[in-house]
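Protein chains in written order, with our numbering: chain A, 2 to 84; chain B, 86 to 316.
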């Protein structure tokens, strides 16, 4: 399956956080590399969006829509201050 | 709203948005369609116009198995309402202050956000050197064909690769963009070029990999993958 970039979830993240997030860095809980949200590999065809670390490939973020509302699993990413 | 055919499969949707907050070149908007039964579908479309342009332009390519693009290209009429969210994105954005030299690489409709960057470059009278590599199936499929081939961006080095068919007198590249072509046309790594690559996922990943092989700093390559579709 072809990956997209973090750009693909920029809209839903913008709505959730109230600000542009693709330039924000997030640290992967698995390999501890900090990447920009825009650099994450995003798969949209699951029943939701799955974002993987561009370095180690492990899942760092899951977004699912429940009754039209997005729910976020951010347990595997530590969001750092926007640069 | 005005609609203009760009190619047989792509249309410019020109929007007059009096309350538009403004955007940066390379950003996108999310377009949401709602059916009568309440079913909603949402897709992202790159903004094709520069911040300095008077209107917001979306260039949309019809994907035959798409949920949103066939409606936007074939059904939408002037005067219809569209639900937009945006502008969105900050990563795949170029502004004059980011400098260059700029290497823009597009596969098919991946040209759309790069065209916004070219128009911004032009509007601000930038002196940043720019080279554009565009891959397209044929001349008929080439989005912004007149602009790209007739010198609308004086000073930009524009190279077009036609991958499927080309006129007998075609002087550009015949065939795909490959490793050798990129090695020849990428700016020397010592100039610390800034590269933006947009197009189908496989195209973007190959181009990015070849640039890195060529010595380009990975941190100065920004990508936007469109997924499996495109040329």
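Note that beta-carbon positions come from the ideal geometry of N, C-alpha and C, so glycine has one too.
Report the three-state DSSP secondary structure of residue 280 (chain B) (helix, strand or coil).
-> strand
Within 8 Å, strictly: CB atoms of residue 43 (chain A) and residue 50 (chain A) | yes
Ignore the nearest five residues each way along the sequence and tell me which others in residue 178 (chain B)'s own chain have a CB closer than 7 Å to its CB.
-> 109, 110, 111, 112
Quick one: complete beta strand (DSSP E) runs, 3+ long, within the stretch 222–301 of chain B?
-> 242–247, 279–284
Run through DSSP, which three-state label would residue 203 (chain B) get?
-> Of the three classes helix, strand and coil, the one that applies to residue 203 (chain B) here is helix, per DSSP.
N- and C-terminal bounds of the alpha helix (DSSP H) containing residue 12 (chain A) | 11–18
Considering only residues of the stretch 17–65 of chain A, which uninterrupted beta strand (DSSP E) runs meet the minimum length of 3 residues and lie entirely inside it, listed in chain order?
-> 26–29, 35–37, 42–44, 50–53
Mind reading off the beta-carbon distance from residue 24 (chain A) to residue 107 (chain B)? Whole number of angstroms is fine, and I expect it under 8 Å.
-> Contact doesn't hold; Cβ gap of about 17 Å is too wide.
Report the three-state DSSP secondary structure of residue 94 (chain B) (helix, strand or coil).
-> Shown here, residue 94 (chain B) sits in coil according to DSSP, grouped into three states, outside any helix or strand.
Backbone CA spacing between residue 252 (chain B) and residue 54 (chain A) [nearest angstrom] = Looking at the two C-alpha atoms, the distance is approximately 44 Å.
Expressed to the nearest angstrom, what Euclidean distance is found between the alpha-carbon atoms of residue 198 (chain B) and residue 88 (chain B)?
-> 18 Å
Buried or exposed by the 16-neighbour rule on C-beta atoms within 10 Å, applied to residue 40 (chain A) | Classification for residue 40 (chain A): buried.
Option in B:134, B:186, B:290, B:257 with minimal Cα separation from residue 172 (chain B) | B:134
Could you tell me the distance, in whole angstroms, from the CA atom of residue 305 (chain B) to the CA atom of residue 277 (chain B)?
-> Going from the Cα of residue 305 (chain B) to the Cα of residue 277 (chain B) covers about 8 Å.
Cβ neighbours of residue 47 (chain A) in the same chain (closer than 6 Å, five flanking residues each side left out) | Once the five neighbours on either side are set aside, residue 47 (chain A) has no close Cβ partner at all.
Keeping to the same chain, check which residues put their C-beta closer than 6 Å to that of residue 97 (chain B); ignore five residues upstream and five downstream.
-> 89, 91, 142, 144
Residue from A:27, A:67, A:10 with nearest C-alpha to residue 56 (chain A) | A:27
If we cut at 8 Å on Cβ distances, does residue 52 (chain A) have a partner in chain B?
-> Residue 52 (chain A) does not count as touching chain B.
Buried or exposed: which applies to residue 126 (chain B), given that a residue is buried once 16 or more other Cβ atoms fall within 10 Å of its Cβ?
-> Classification for residue 126 (chain B): exposed.
So residue 116 (chain B) is in the beta strand (DSSP E); what residue range does that whole segment cover?
-> Residue 116 (chain B): member of the beta strand (DSSP E) spanning 113–119, first to last residue.
Does any C-beta atom of chain A lie closer than 8 Å to the C-beta of residue 308 (chain B)?
-> yes
Using a Cβ cut-off of 9 Å, which residues of the stretch 116–138 of chain B contact any Cβ in chain A, in chain order?
-> 125, 127, 129
Is the CB of residue 173 (chain B) under 8 Å away from at least one CB in chain A?
-> yes
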